[in-house]
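Protein chains in written order, with our numbering: chain A, 1 to 596; chain B, 1 to 597; chain C, 1 to 132.
What follows is a short report on a single structure.
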Amino acid sequence: METVKLIIDKKQVEVSKGTTILDAAKSVGIQIPTLCYMKLEDLHYENNPGACRICVVEIEGRRNLAPSCKTECIEGMVVKTHTPRVMNARKTVMELILSNHPAECLTCSSNGHCELQVIAHDLGIREIRYAGEQSKFQIDRSPSIVRNMNKCIMCRRCETMCNSIQTVGALTAVNRGFNAAVSTAFERDIAGSTCSYCGQCVSVCPVNALSGRNTQQPVLDALADPAKIVIAQTAPAVRTALGRDFGFEPGTLVTGKMVSALRQLGFDYVFDTDFAADLTIMEEGTELLQRLGKYLNGDEKVKIPMMTSCCPGWVSFVEQHFPELRENLSTAKSPQQMFGAIAKSYFAKILGIDRKNLVVVSIMPCLAKKYEASRPEFSVDGNPDVDISIYTRELARLIRYANIDFNELPDSDFDHPLGESTGAGIIFGTTGGVIEAACRTAYELFTKKVLHKVDFEELRGMEGIRSATIDFEGVPVKIGIAHGLGNARKLIEEVKNGTSPYHAIEVMACPGGCIGGGGQPFHRGRMEVLRKRATALYQEDVNKPLRKSHENPYIQKLYKEFLGEPCGPLAHKLLHTHYIDRKEIVGLYMQTDKRD
Amino acid sequence: MAQYTNYILVCGGTGCRASQSEKIIGNLKAAVEKNGLQKNVQVIRTGCFGFCEKGPVVKMIPDNTFYVQVQPGDADELVKEHLVKGRKVERLLYVNPETNEQILDSKHIDFYKKQLRVALRNCGFINPENIDEYIARDGYVALGKAITEMTPEEVIKEIMDSGLRGRGGGGFPTGLKWQITRKVQASQKYVVCNADEGDPGAFMDRSILEGDPHSIVEAMAINGYCTGANKGLVYIRAEYPLAVERLMIAIKQAKEYGLLGDNIFGSGFSFDIEIRYGAGAFVCGEETALIHSMEGLRGEATVKPPFPSEQGYKGYPTNVNNVETYANIPVILLKGAKWFSSIGTEKSKGTKVFALAGKVNNVGLIEVPMGTTLREVIFGIGGGIKDGKKFKAVQTGGPSGGCLTEKHLDLPIDYDNLLAAGSMMGSGGMIVMDENDCMVAMAKFYLDFTVEESCGKCAPCRIGNKRLHEILQKITSGNGTEDDLDRLRNLAMVIKDTALCGLGQTSPNPVLSTMDNFYDEYLAHVHDHRCPSHQCRELTQYYINPEKCKGCTLCARVCPVHAITGDRKVPHVIDLQVCIRCGTCMDKCKFDAVYVH
Amino acid sequence: MNKVKTLDDLRKMRDSFRASLDLREKSDHPEKMIQIKISMATCGIAAGAKDIMNYFIEVLDREHIDALVTQTGCMGYCYAEPTVEILVPGKEPLVFGYVNKAKVDEIISQYIRYGILVDGIIPVSYTAVKPE
């Protein structure tokens with residue numbers, strides 16, 4: 001490979017051609033501060049608009065300062081990263097950014113997690129010499145996402161995520177100059193936009209301009225209400241990430257401590273969404289086999305490929321952008337909603353209480369789950385199956401409020417009957433996990449044979465789109481996997497065009513799957529954080545004695561005592577749903593980028 | 001073909017149209033017919049004559065009589081007197097302000113005498129809506145020569161040898177740009193004409209498009225031939241309806257003649273031009289922002305490299321040149337690089353069109369050889385400062401240029417000299433200021449514009465310019481401190497050093513150059529809370545000198561806020577609490593009794 | 001409209017269109033041209049100046065002589081109408097009186113073509129605008 005030699009801060013550096021000064025500097029231990037820049041190499045996410053100008057450096061012979069994130073190294077270049085000119089420029093620009101940012105750090109939910117704070121601290125900002133008029137925007141609150149553009153620093157990460165990676169196209173910059181802001185089409189509310197609530201904009205926002213909707217108080221209220229039985233369900237991806245907000249290494253599994261913490265918070269029962277994931281496999285796997293059977297028998301009406309429906313961001317993406325393909329979605333509810341439905345019927349019956357006195361709180365890695373829980377079809381007589389959905393960071397906050405010393409907590413186990421799960425339920429939290437879990441069960445149900453090798457390595461990894469053919473004893477089942485809605489769009493375009501080769505498609509809206517969800521502790525551009533979370537889930541799967549959903553004894557019991565058959569009448573009533581054409585609200589917006 | 005013995009050329013530029021030149025044309029035609037002269041006399045609507053100060057302009061051919069400030073009602077007299085009776089209509093002749101002499105023809109008007117019209121060669125001469133007239137002036141011969149007799153490399157070499165540099169402001173060598181675009185391998189390439197002229201008061205490009213649209217069509221086709229593009233796009237402000245209309249006519253005519261379209265001159269080379277409308281965002285004159293705007297994206301600049309020549313419209317190599325640059329191309333090929341490079345200075349060849357505005361006698365559109373001094377332009381062509389006032393400064397390069405002063409008057413105008421003097425060529429705006437202009441207020445005025453026009457992408461430009469403006473506001477309202485001046489300079493330097501695109505990098509120029517050249521004015525505002533030019537309202541107070549006031553009551557009657565009181569024939573008094581410092585009393589007083597302090 | 005197929009086509013076209021612009025081109029450089037100014041005030045017109053002007057144009061065209069024929073106001077020699085001022089580049093302007101068609105032929109064939117003075121010159125008592 002062609003290389004170039006240059007000098008950065010008197011150090012000789014040799015890098016391959018095309019390397020930016022920022023990366024070249026990093027390779028010799030020089031950390032140039034950045035603000036708008038963010039790169040997640042596995043996900044092909046790179047936001048480098050060169051907009052914040054914090055990373056500027058001096059290049060000999062160049063008239064002005066250069067943004068190091070955007071300037072390629074050239075042979076013989078002499079770069080200086082901390083001359084008085086550079087430092088003064090960075091400081092001045094930082095003061096400008098801060099001059100239009102509300103100084104509410106102490107009451108901001110990003111306090112302590114804010115990238116702007118870190119850089120302001122590193123640059124030693126002690127006063128803002130350029131105070132002046134500040135932007136004033138209405139705060140926009142949707143069920144999942146809150147948009148406070150007064151805090152926006154125009155790094156454009158959210159926009160890149162929403163448009164380039166997710167291809168949702170809900171966010172774009174509007175207006176000019178000082179009035180410029182990231183907004184939706186026609187400056188509507190998020191709720192009236194094409195937003196799918198995936199929450200990826202929140203996960204990359206360096207400040208708190210985009211944040212998750214805060215619903216901690218209702219949880220505390222419910223816990224304090226003696227008339228209510230409050231139960232928790234925790235999604236698989238939460239346990240690999242929660243520890244990060246308490247100083248654990250990325251990917252540390254804190255399942256036991258999490259259960260203890262929830263109990264200490266006052267939850268009457270602490271259950272596992274993984275249980276519902278196993279249940280989902282029973283329903284969705286059965287549905288897949290039914291569809292496949294019809295398809296193989298030449299039924300032309302059956303919708304193949306079947307697409308997974310666990311991810312609410314993905315479901316609203318289909319409803320908004322591809323409503324004509326909504327019947328390809330599995331009718332099985334997501335694990336969160338299956339849990340809610342079972343808890344408020346089966347479990348309420350066991351406790352002998354009215355569903356109204358049972359409060360189901362879900363702890364999710366996800367912001368879209370808040371929206372999903374609020375969908376009217378997931379309630380009975382106005383009483384939602386899942387009352388409150390909070391995300392991982394909110395749980396961490398609750399633990400701190402309640403002065404629980406998380407690090408010192410003993411491990412404890414989930415309660416029964418809704419706390420037992422198999423390894424298959426665990427891997428729901430990462431891309432490829434749902435379909436792998438489904439394969440383990442579907443294979444055995446279809447072939448009536450025991451599956452010995454349960455690890456479908458070919459379905460794993462961080463590639464945006466993956467595919468594999470699983471041999472169901474002579475019947476090749478073709479599987480497609482996408483994570484990130486932009487990748488999903490490619491697969492669903494194929495379905496739309498009739499060129500999709502797959503029988504089943506798994507989609508998770510967030511890059512990496514739920515481990516990278518919008519409600520998780522921030523990765524701050526560190527790709528290894530996501531990789532380690534995925535590894536941890538696969539490790540937990542291996543550690544489980546049971547690794548196929550249909551082997552879960554509590555699932556078997558549930559069908560035997562309550563539900564009957566998978567996809568049977570009661571199962572259908574409680575565990576399946578339907579989808580809605582939401583293209584209308586997108587209306588005017590839909591214009592695909594046709595590049596010739 | 002009908003042979004006319006007389007022509008009446010009427011300026012159809014936007015400025016003269018606004019002063020009813022269309023009506024003048026109509027009336028002239030009617031008068032010609034009424035006098036039975038329609039077989040001998042033709043009335044022609046041309047492009048801009050440039051002498052906008054004295055518009056609407058009417059020129060009689062063949063005797064070249066130049067009538068100025070013509071009204072629609074003058075048409076009858078012009079035809080009767082000038083054509084029928086052969087007498088000049090003296091009251092409509094141009095009067096030399098210095099000698100008070102009437103001047104009969106344009107050749108003898110100083111405004112034209114000192115100009116050299118290359119880019120504007122056809123403006124005000126031909127009918128821009130008639131391709132035949134363009135062809136009669138060697139139109140499309142350069143294209144034909146290029147395509148049929150020269151290789152693209154030879155054409156590029158000719159352009160390179162001519163020394164032509166980008167007239168949009170950057171001054172990048174045009175031939176080199178073409179060569180870079182040519183060398184990039186791609187399945188598709190584009191040629192773009194940047195007609196997003198956005199400087200306040202500038203109308204060079206508009207006038208060329210209005211007065212000589214075919215030259216742009218021809219040059220774009222030549223560019224396409226050289227760079228390997230078969231598609232041309234003109235990005236033009238939608239606020240230029242006349243230019244758009246004439247360009248559309250030109251494209252249509254060229255297509256009809258086979259000078260655009262498939263297989264031009266039987267050479268196998270095909271080229272087509274499309275018009276794209278801009279919404280008039282200043283930043284879209286920056287080429288990357290322009291391209292994004294054409295792609296349907298937000299008009300925002302992106303970091304270069306990659307340059308559009310490598311990766312432009314829809315990711316394909318795209319050669320972007322400005323209107324005036326294009327206007328020079330056909331002449332260079334016709335007259336040769338040698339001829340072109342004989343005009344101008346060592347590093348800036350050819351001529352430059354300027355929109356001369358502000359406090360000069362002759363505002364308008366002018367074209368002079370590079371190397372002409374500011375003095376020749378302002379005093380020679382511009383006819384000096386209005387109302388006999390003293391020259392103070394000239395702003396070149398539009399809102400992102402700098403103020404040059406008395407000491408720069410003998411500076412030969414070229415790219416490098418202007419840059420070295422702290423200003424820039426820009427696209428050719430030139431605004432002259434006199435002793436009554438406050439330089440701090442002037443800097444604020446330009447900042448007003450850049451604050452409005454910043455795209456908002458990079459922090460220094462988005463927030464920095466706003467803060468510059470706020471500090472200037474503070475100073476001009478008398479609340480500034482010396483500390484503010486330090487902050488102002490630091491911020492201006494940092495914005496210049498860190499902003500993403502040309503707009504931001506140059507937006508502090510008015511501040512920096514006025515601070516360099518007129519620091520005493522800043523100090524007066526800050527130390528003495530005084531505006532030496534009495535322009536800053538908050539720092540100005542109006543008084544009536546009781547010795548001069550005759551008590552005529554005129555000022556009291558015109559005062560919009562009734563701040564002036566006094567009995568008839570008794571000196572009046574201004575209530576400073578009520579006065580809004582509009583200056584109307586001062587303008588109206590016949591006895592010079594109102595003064596400011 | 002015929003399409004332009006070759007560069008020669010275009011050049012031919014240009015040459016044929018040139019005539020229409022001729023007058024404008026010439027008037028842009030009047031100092032290089034022979035200028036014929038015909039006094040066209042009431043008295044001149046009454047004496048037949050219009051016909052004389054047309055005849056000038058006609059003959060000049062026929063003889064392929066590039067000249068600018070323009071009308072001008074009363075020169076003050078009403079007794080000698082039609083009067084014509086002839087300006088040959090590099091020479092002093094001359095004014096001829098009592099011009100008729102025969103005189104036109106004579107002026108063109110003798111004075112304009114060869115610089116030979118012919119009868120009928122009126123002494124000039126005013127100064128015209130000096131060309132550059």
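The C-beta atom is built at its ideal place from N, Cα and C for all residues, glycine as well.
Computed from a predicted structure; not experimentally measured.
The beta carbon of isoleucine 273 of chain B sits closer than 7 Å to those of Val217, Met220, Gly232, Val234, Ile251, Leu260, all from its chain and outside the five residues before and after it, given in chain order. Between the alpha carbons of arginine 17 of chain B and isoleucine 385 of chain B lies a distance of about 26 Å. Taking 7 Å as the cut-off, the Cβ atoms of alanine 89 of chain A and valine 494 of chain B count as close.
Neighbourhood of aspartate 272 of chain B in chain A, by CB distance below 7 Å: empty, with the nearest CB roughly 15 Å away.
At a cut-off of 3 residues, the continuous stretches assigned as beta strand (DSSP E) that sit fully inside the region 15–80 of chain A are 38–40, 45–47, 56–59, 78–80. When the Cα atoms are used, aspartate 354 of chain A and proline 384 of chain A turn out to be separated by approximately 13 Å. The criterion of a C-beta distance shorter than 7 Å is not satisfied by threonine 345 of chain B and leucine 7 of chain C. Under the three-state reduction of DSSP output, leucine 445 of chain A falls in the helix class.
When CB distances to chain C are screened at a threshold of 9 Å, the residues of the region 136–147 of chain B falling below it are Ala136, Arg137, Asp138, Gly139, Tyr140, Val141, Leu143, Gly144, Lys145, Ile147, in chain order. Between cysteine 579 of chain B and alanine 556 of chain B, the gap from beta carbon to beta carbon reaches 7 Å or more.
Each residue's CA atom was taken as its position, placing proline 102 of chain A and arginine 460 of chain A some 43 Å apart. The three-state secondary structure of glycine 163 of chain B, taken from DSSP, is coil.
Along the region 131–149 of chain A, going in chain order, the ones with a CB nearer than 8 Å to a CB of chain B are Gly132, Glu133. Across the structure, threonine 255 of chain A and threonine 234 of chain A are spaced so that their CA atoms are roughly 9 Å apart. Cysteine 205 of chain A sits in coil when the DSSP states are folded into three classes, being neither helix nor strand. Annotation: arginine 531 of chain A to glycine 313 of chain A spans about 21 Å, alpha carbon to alpha carbon. Within the model, the alpha-carbon separation for isoleucine 222 of chain B versus serine 348 of chain B is close to 22 Å.
In this structure glycine 380 of chain B is buried. Its beta-carbon is surrounded by 16 or more other beta-carbon atoms within 10 angstroms.
Straight across, the Cα-Cα distance linking arginine 568 of chain B with threonine 553 of chain B is about 6 Å. For serine 193 of chain A, no chain B residue has a Cβ inside 8 Å of its Cβ, as the nearest lies near 17 Å away.
Residues of the region 475–499 of chain B with a Cβ closer than 8 Å to any Cβ of chain A, in chain order: Arg487, Asn490, Leu491, Val494, Lys496, Asp497, Thr498, Ala499. If you draw a 10 Å sphere on the C-beta of methionine 94 of chain A, you find 16 or more other C-beta atoms in it, and that means buried. For the pair threonine 42 of chain C and alanine 30 of chain B, the Cα-to-Cα distance works out to about 22 Å. DSSP lists A/Val475 as the bridge partner or partners of phenylalanine 472 of chain A.
Going by C-alpha positions, methionine 40 of chain C is about 56 Å away from phenylalanine 449 of chain B. Taking a beta-carbon distance threshold of 7 Å, valine 511 of chain B does not count as an interface residue toward chain A. Residue pairing from DSSP places methionine 364 of chain A in a beta bridge opposite A/Tyr391. Of the residues assessed, serine 16 of chain C falls on the exposed side of the cut-off, its CB having fewer than 16 other CB atoms within 10 angstroms. In the DSSP assignment, cysteine 193 of chain B falls outside any alpha helix (DSSP H) and lies within the beta strand (DSSP E) extending over 190–195.
In this structure, the alpha-carbon of lysine 145 of chain B lies about 10 Å from that of valine 155 of chain B. About 21 Å separates the beta carbon of cysteine 73 of chain A from that of alanine 51 of chain A, a gap too long to meet the 8 Å contact definition. By the neighbour-count definition (other C-beta atoms within 10 Å, threshold 16), aspartate 105 of chain B is a buried residue. Burial state of tyrosine 257 of chain B is buried, judged by a 10 Å Cβ sphere holding 16 or more other Cβ atoms.
Within chain A, the residues whose beta carbon sits less than 8 Å from that of glutamine 505 of chain B are Asn64, listed in sequence order. Contact annotation: the region 168–180 of chain A does not touch the region 223–231 of chain A, with fewer than three C-beta pairs closer than 8 Å. Any Cβ of chain C closer than 7 Å to the Cβ of phenylalanine 66 of chain B would place that residue at the interface, and such an atom is absent.
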